[in-house]
Amino acid sequence: MEFSYQDESERWLNDIIENHYEEARQRALSLIDGGHIRATGCIESETRDARRVRFRGKQLHAYRFIYCILNRCAASYDDVVRHRCNNRLCLNPEHLEIGTRGENLMDERDFAANGVVHDLL
Ligand SMILES: [Zn+2]
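All letters in the sequence shown, in the order written, are residues 1 to 121 by the UniProt record's numbering.
Take a look at the structure:
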């Protein structure tokens, strides 16, 4: 018997990607549109901390929502959407990638040691 377990994050994203995709995509694009473009290419929200979004009964970070919707990626709780630019306010989908919690910690140490090289983005 085949059994594949999905956690609540995956189930919620799968439902949206399958049943509400266009609505979600418009929401993601309008979040990006509402941001401010910086010289680094980052698109920042005006919020003090990473912006959140409420969509279909769930509240989550806007950058996670944007990444998962635009990439049609049903991320689980263990999947962390990471900022390659190390700017948590950033909503630019090109600055986002998915990884594990462990990789995210390594990133933070790396950025602390070496800073961010924007040419690599
Ligand atoms: Zn950025």
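Cβ coordinates follow ideal geometry from the N, Cα and C atoms, glycine included.
With H, G and I counted as helix, E and B as strand and the rest as coil, what does DSSP make of Glu44?
Along the sequence shown, one-based indexing puts residue 44 at 44. Looking at Glu44 - three-state DSSP - the assignment turns out to be strand.
Could you give the C-beta distance for Leu31 and Cys68, rounded to a whole number, given that I count them as a contact under 8 Å?
Numbered from 1 along the sequence shown, position 31 holds the residue referred to as residue 31. Numbered from 1 along the sequence shown, position 68 holds the residue referred to as residue 68. Not confirmed; about 13 Å, so no contact.
His83 and Cys73: beta carbons closer than 8 Å?
In the sequence shown, the residue the question calls residue 83 occupies position 83. In the sequence shown, the residue the question calls residue 73 occupies position 73. No; because the gap between Cβ atoms is not below 8 Å, this pair is not in contact.
State buried or exposed for Tyr21, treating a residue as buried only when at least 16 other CB atoms are found within 10 Å of its CB.
The residue labelled residue 21 in the question sits at position 21 within the sequence shown. Looking at its Cβ environment, which holds fewer than 16 other Cβ atoms inside 10 Å, Tyr21 is exposed.
Taking the beta strand (DSSP E) that Glu97 belongs to, which residues open and close that run?
Position 97 of the sequence shown holds residue 97. Taken as a continuous stretch (DSSP letters only), the beta strand (DSSP E) holding Glu97 covers Leu96 to Thr100.
Take Gln59 and list the residues in its own chain whose beta-carbon comes closer than 6 Å to its own, dropping the five residues that flank it on each side.
Indexing the sequence shown from 1 puts residue 59 at position 59. If we look at Gln59 and ignore the five residues flanking it on each side, its Cβ neighbours are Arg52.
Indicate, with yes or no, if ligand 1 has a heavy atom lying under 7 Å from the CB of His61.
Position 61 of the sequence shown, counted from the start, is the residue given in the question as residue 61. No; taking the cut-off as 7 Å, the Cβ of His61 has no heavy atom of ligand 1 nearer than that.
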